[in-house]
Ligand code: DX5
Ligand code: ZN
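Numbering (full-length UniProt numbering), first residue to last: 12 to 229.
Structure follows, in structure tokens:
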């Protein structure tokens, strides 16, 4: 299945000890930072100032997943705050091509996320503008939800579209990814895996990252 990247989600960490929690997963490829605004999703987490602080607290690059309204307006600030990758939602972006180009021009990887009910097909022509596509495998908003198996065909179809166009973009899955579901995701074509509760719920988060990676690379 090739190389796999494991991105622990700090949504499942202790927000009062973020620096320590970020350090607990050094060795992970990216730290996944879930930004929620109480409007796009019914939950509220953190914003630009916390991303700036996290940037200083860890050497692991930051993968910011923006579950917010009006990403056209706010996403560029996350690049300036030090995110190495910025993901906006297709359902929220008014001008996704323009936004992806702006994120890239500012120096970060540009990524777009699809909620479970959003199909990939209308976005086929947009794929060359992106460095990563995120397929949500739960409804965004909360950690610890069960993995939606019905998303596997969408992961497979997306991988086929990426190959058909000869693109290099990464295919990320987020939601319910664990030792019991990661192999199915890898087999379907995902190569970047977000894991919140499966990493921070483990006794040794760094070891959980290694275990997940070995399962996804089998
Ligand atoms: C959910 C977030 C996820 C969340 C995943 O809206 O986007 O990143 O932290 O948590 P788990 O891995 O526990 O499903
Ligand atoms: Zn996320």
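Note that CB positions come from ideal geometry on N, CA and C, so glycine has one too.
Inset, instruction - Give the DSSP bridge partners of residue 122, in chain order. - result: 98 and 143
Legend entry - For residue 37: DSSP bridge partner residues: 39
Legend entry - Neighbourhood of residue 194 by C-beta, 8 Å cutoff - its chain only, sequence neighbours within 5 removed: 226, 227 and 229
Legend entry - Heavy atom of ligand 1 within 7 Å of residue 149 beta-carbon: yes
Inset, instruction - Please classify residue 181: does DSSP put it in a helix, a strand, or coil? - result: strand
Inset, instruction - Rank 107, 100 and 77 by C-alpha distance to the C-alpha of residue 94 and give the top, closest one. - result: 77
Inset, instruction - Report yes if the C-beta of residue 96 is less than 7 Å from at least one heavy atom of ligand 2; otherwise report no. - result: no
Legend entry - Reduced DSSP secondary structure (H/G/I, E/B, other) of residue 17: strand
Inset, instruction - Give the straight-line distance between the Cα atoms of residue 105 and residue 58, rounded to the nearest whole angstrom. - result: 21 Å
Inset, instruction - Would you mind sorting residue 125 into buried or exposed? The rule is 16 or more other CB atoms within 10 Å of its CB. - result: buried
Inset, instruction - Taking 8 Å as the cut-off, decide whether the C-beta atoms of residue 18 and residue 149 are in contact. - result: no
Legend entry - Around ligand 2, Cβ to any heavy atom closer than 5 Å, ordered along the chain: 45, 76 and 185
Legend entry - Proximal residues to residue 181 (C-beta, below 6 Å), its chain only, five neighbours per side dropped: 143, 202 and 203
Legend entry - Segment contact, 8 Å Cβ cut-off, at least three pairs: the stretch 88–102 with the stretch 59–76: yes
Legend entry - DSSP bridge partner residues for residue 77 (one or two, in chain order): 46
Inset, instruction - Using 7 Å as the cut-off, classify the Cβ of residue 100 as near or not near the heavy atoms of ligand 1, replying yes or no. - result: no
Inset, instruction - Go to residue 206, then tell me how far its beta strand (DSSP E) extends in each direction, as first and last residue. - result: 203–206
Legend entry - Distance between residue 189 and residue 60 (C-alpha atoms, nearest Å): 30 Å
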